[in-house]
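Engineer: The opening residue of the first sequence carries number 1 in this note's numbering; numbering runs sequentially from there.
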Amino acid sequence: MEFTVALDGPFSLEHTLESGQLFRWERRGEWWYGVAGSSALKVRQEGDVLRCWSSSDMAGSNFLTRYFRLDEDLNHVLAAISKDRVITSAVQRFYGMRLARQDPWECLASFVLATNANIPRIRTMIATICERYGGPFEFEGEPFHGFPSAGTLAAASVVDLRRCGLGYRAPFLKRVATSVAGGRVDFAKVQSLGYEGARKELLSELFGEKLLLGVGPKVADCVLLFSCDKDEAFPIDVWIARALAKSYPKMLGPKSRLIGDGKLRLSLRDYDRISGAARRHFGKYAGYAQQYLYMAAREQELS
DNA sequence: TAGCAGGAAAATC
DNA sequence: GATTTTCCTGCT
């Protein structure tokens, strides 16, 4: 099915898809191919219009508007986070990058796999479990695969998951899948709560009780930010830690030199303190600031 | 709380 | 080729 989406505000498809929040989109010439929900899609941006093809009627204009959060006022967000020269420069460089609204289960599983891996590797691991466990469907005569359900991965053996190249992440993925399949993670509730409450709900299967193993503070913040509308979540990964050490040493306090020297090891207390300081500095859209800083940090490394 | 292991692929030397 | 690094978390 072919359709278009008229853009009603700034949007850069390229910056959004290359920002490291989504792992299932691939550039082929002018088009971006991806899978979202249970549809394959190809999208290209022509100025203020998105030209799209999808494998099913489920993924149309309304779906993409919701997926890329195109109905939200990005300029308002960017104005709110532009508190200093560093972030303002990053915003100008990657203007139009939006945070997408992913499926929470897919997002959770993806970032459990993302620990201690680089982006090409993360993409490979996800592609492999999708090919192996995700329902196939055809698009332009080619097989595409949906993201496997929690139940499917919960039923898989750790040995088989390991064979997908997941390494030590295999048992973590299975445990998380089991929790989700068992209904112990209530994403609707997480989405309805405020940031702090949502974080507690996600990090503990039952309030204050057993921890959701394999999900630490960073992964939890990624899930809250990329799939649960918690725009104040400020995930701190190695890139953000380095960016903060370089440009915002006061947020890190005395630990900043250690991180600058490449010896990153944030305790839970330090993580919460630094993340909180970033939230206070950037405000209620701190998560957008985090993503722009992340892109700027990675680009600097590449050059 | 500090130290370490974890597995495999990518990046770097 | 060997070594280092990699969008981290769990265990001791």
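Even for Gly, the Cβ is constructed at its ideal location relative to N, Cα and C.
For P136, list the residues DSSP reports as bridge partners.
Structural biologist: H145, per the DSSP bridge assignment.
Engineer: Report buried or exposed for A150, applying the criterion of at least 16 other Cβ atoms within 10 angstroms of its Cβ.
Structural biologist: Buried.
Engineer: Could you compute how far the alpha carbon of G134 sits from the alpha carbon of A198?
Structural biologist: If I take the Cα positions, the gap works out to 28 Å.
Engineer: So, do the stretch 56-71 and the stretch 98-105 have three or more beta carbon pairs nearer to each other than 8 Å?
Structural biologist: Yes, since at least three Cβ pairs between the stretch 56-71 and the stretch 98-105 fall closer than 8 Å, the two stretches touch.
Engineer: Taking 8 Å as the cut-off, decide whether the C-beta atoms of W239 and R169 are in contact.
Structural biologist: No, they are not a contact pair.
Engineer: Have a look at the DSSP bridge pairing and note the partners of E299.
Structural biologist: None, per the DSSP bridge assignment.
Engineer: What separation, rounded to the nearest whole angstrom, lies between the Cα atoms of K42 and E209?
Structural biologist: So the alpha carbons of these two residues sit roughly 43 Å apart.
Engineer: Could you spell out where the alpha helix (DSSP H) holding S61 opens and where it closes?
Structural biologist: Counting along the chain, the alpha helix (DSSP H) containing S61 begins and ends at 61-67.
Engineer: Is it true that the CB of S227 sits closer than 8 Å to the CB of P143?
Structural biologist: Not in contact: P143 and S227 (Cβ atoms no closer than 8 Å).
Engineer: With a CB to CB cut of under 6 Å and the five nearest residues on each side skipped, what residues in its chain are close to A80?
Structural biologist: So the qualifying residues of the chain are G283, Y285.
Engineer: What does a CB cutoff of less than 7 Å around I126 pick up in its chain, not counting 5 residues either side in sequence?
Structural biologist: Cβ neighbours of I126 beyond the five flanking positions: F23, R24, S110, L113.
Engineer: Could you tell me which residues DSSP puts in a beta bridge with C52?
Structural biologist: Per DSSP, F3, V43.
Engineer: Out of T88, F63, L64, which has the shortest C-alpha to C-alpha gap to N75?
Structural biologist: When only C-alpha atoms are compared, the closest one is T88.
Engineer: Apply the 10 Å Cβ neighbour rule to T4 and answer buried if 16 or more other Cβ atoms are within range, or exposed otherwise.
Structural biologist: Exposed: under 16 other Cβ atoms inside 10 Å.
Engineer: Rounded to whole angstroms, what is the Cα-Cα separation between V49 and L78?
Structural biologist: One C-alpha to the other measures close to 21 Å.
Engineer: Tell me the rounded alpha-carbon separation between V158 and I122.
Structural biologist: Distance between the alpha carbons of V158 and I122: 18 Å.
Engineer: Does DSSP put Y294 in a helix, in a strand, or in coil?
Structural biologist: Helix, per DSSP.
Engineer: Do T124 and G165 come within 8 Å of each other at the CB atom, strictly closer than that value?
Structural biologist: In this structure, T124 lies closer than 8 Å to G165 by Cβ.
Engineer: Quick check: the Cα distance between F137 and L211, rounded to an integer number of angstroms?
Structural biologist: Using only the alpha carbons, I get a separation of about 36 Å.
Engineer: Buried or exposed, going by whether 16 or more other CB atoms sit within 10 Å of the CB of D237?
Structural biologist: Buried is the call here.
Engineer: Any idea what DSSP makes of S192, helix, strand or coil?
Structural biologist: Residue state, collapsed to three classes: helix.
Engineer: Let's test the definition: count the other Cβ atoms within 10 Å of the Cβ of D221 and tell me whether it reaches 16, buried, or not, exposed.
Structural biologist: Its Cβ being crowded by 16 or more others within 10 Å, D221 is buried.
Engineer: Could you tell me which residues DSSP pairs with A278 in its beta bridges?
Structural biologist: According to DSSP, which records beta bridges pairwise, A278 is partnered with nothing at all.
Engineer: Do L203 and V185 have their beta-carbon atoms positioned less than 8 Å apart in this structure?
Structural biologist: Against a cut-off of 8 Å, the Cβ pair of L203 and V185 comes out as no contact.
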